[in-house]
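Student: In this note's numbering, the protein residues as written are 1 to 137.
Before I ask anything, here is the structure I am working with.
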Amino acid sequence: MEDILRRVKSNPRIREVGTIVCFIGIVRGLTRSGALVEKMEVEAYEEKANETLAKICKELSQREGIVDVQIHHNIGSFDVGEELVYVVVAGGHREHVFPVLVEAVERYKREAELWKKEYTTSGAYWVNDENGKGMDA
Numbered sequence: 001m002e003d004i005l006r007r008v009k010s011n012p013r014i015r016e017v018g019t020i021v022c023f024i025g026i027v028r029g030l031t032r033s034g035a036l037v038e039k040m041e042v043e044a045y046e047e048k049a050n051e052t053l054a055k056i057c058k059e060l061s062q063r064e065g066i067v068d069v070q071i072h073h074n075i076g077s078f079d080v081g082e083e084l085v086y087v088v089v090a091g092g093h094r095e096h097v098f099p100v101l102v103e104a105v106e107r108y109k110r111e112a113e114l115w116k117k118e119y120t121t122s123g124a125y126w127v128n129d130e131n132g133k134g135m136d137a
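Structure below.
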């Protein structure tokens, strides 16, 4: 997260920034249905996922009042409470940055070539963020 904030603060347009908001997604300890999560694995088609994340950041950075958008998603195996994703939006005022933060999170979950598998006490499931239901792994 510190590296991401450093990149944002080194933006040549930093003088226009009055607000930086951050979203940190972590591994939740319960599934949507209440099952205990033991760990989560995140897989990606990394080259394509990085292209998609860069595209989202570029598009959202062009919005009114926005100076920079950064998204970084970790890949691998993670325990409950570990950090999975960082989304940072910098802009002039909070009324500009908060809606873009929400959109950035929704878009990366929908568009990026990333797949999450939850391991619970009753089995492993691929997570489908659109409806909250998983598929047997």
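Ideal Cβ placement from N, Cα and C applies to all residues, glycine included.
1. Using only CA atoms, which one of THR121, LEU114 and GLU118 lies nearest to GLU51?
2. Is LYS109 closer than 8 angstroms to MET40 when the C-beta atoms are compared?
3. Within 10 Å of its beta-carbon, does TYR45 have 16 or more other beta-carbons around it, so buried, or fewer, so exposed?
4. With a Cβ-Cβ cutoff of 8 angstroms, do ARG28 and VAL42 count as a contact?
5. Going by C-alpha distance, which of GLU111, GLY76, VAL21 and GLY18 is nearest ALA49?
6. With distance defined between alpha-carbon atoms, name the residue in ALA124, GLU106, VAL127 and ILE4 nearest to LEU60.
7. Going straight from the alpha carbon of GLU95 to that of GLY76, what length do you get?
8. How would you label ILE56, buried or exposed, when you count the other beta carbons within 10 angstroms and need 16 or more for buried?
Tutor: Based on what the coordinates show:
1. It is LEU114.
2. No, they are not a contact pair.
3. exposed
4. no
5. Comparing Cα positions, the closest option is GLU111.
6. Looking from the CA of LEU60, the closest CA among ALA124, GLU106, VAL127 and ILE4 belongs to GLU106.
7. If I take the Cα positions, the gap works out to 35 angstroms.
8. Buried, by the Cβ-count rule.
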